[in-house]
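Trainee: In this note's numbering, the protein residues as written are 1 to 103.
Using N, Cα and C, we set each Cβ at its ideal position, and we do this for glycine too.
#1: For the beta strand (DSSP E) containing residue 185, name the first residue and the last one.
#2: For residue 88, does the three-state DSSP call read helix, strand or coil?
#3: Looking at the secondary structure, which residues open and close the beta strand (DSSP E) in which residue 62 lies?
#4: Let me confirm a value: residue 22 is counted as buried when at least 16 other C-beta atoms fall within 10 Å, else exposed. Which label applies?
#5: Determine contact between the region 8-17 and the region 61-81, defined as no fewer than three beta-carbon pairs at a distance below 8 angstroms.
#6: Ends of the alpha helix (DSSP H) at residue 48?
#7: Given 8 angstroms as the limit, is there contact between the region 52-62 and the region 27-40, that is, 3 or more CB pairs closer than that?
#8: Could you spell out the range, first to last residue, of the alpha helix (DSSP H) harbouring residue 71?
#9: State buried or exposed for residue 101, treating a residue as buried only when at least 16 other CB atoms are found within 10 Å of its CB.
#10: Around the C-beta of residue 138, are 16 or more other C-beta atoms found within 10 angstroms, so that it is buried, or is it exposed?
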């Protein structure tokens, strides 16, 4: 995946999908392992990811500065579905789940 390492902290922009890969959700966090666990456990039952069972990681970018991560999250959220899929497929052509990298 993509990594920008200027700062001393780690922030992640990530894209989740559901089992059938029909839904895309983009988020930002400073602890991807914890955030993935929260999505999987449906911490907020009314959230988009809970309603659509989107807890499978298919893409992420790592940043050293939160400002860069938030800016990138906004960019990705404004992309069309096709452009998001093209972005994902550049690094993950088969849309494989990457959750095991953060267990």
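Mentor: From the atom records:
#1: Because the chain here runs from 1 to 103, residue 185 falls outside it and cannot be looked at.
#2: helix
#3: 56-63
#4: That one is exposed.
#5: yes
#6: From DSSP, the alpha helix (DSSP H) with residue 48 extends over 48-51.
#7: yes
#8: 66-77
#9: exposed
#10: Beyond the ends of the chain as shown, which are 1 and 103, falls residue 138; an answer cannot be given.
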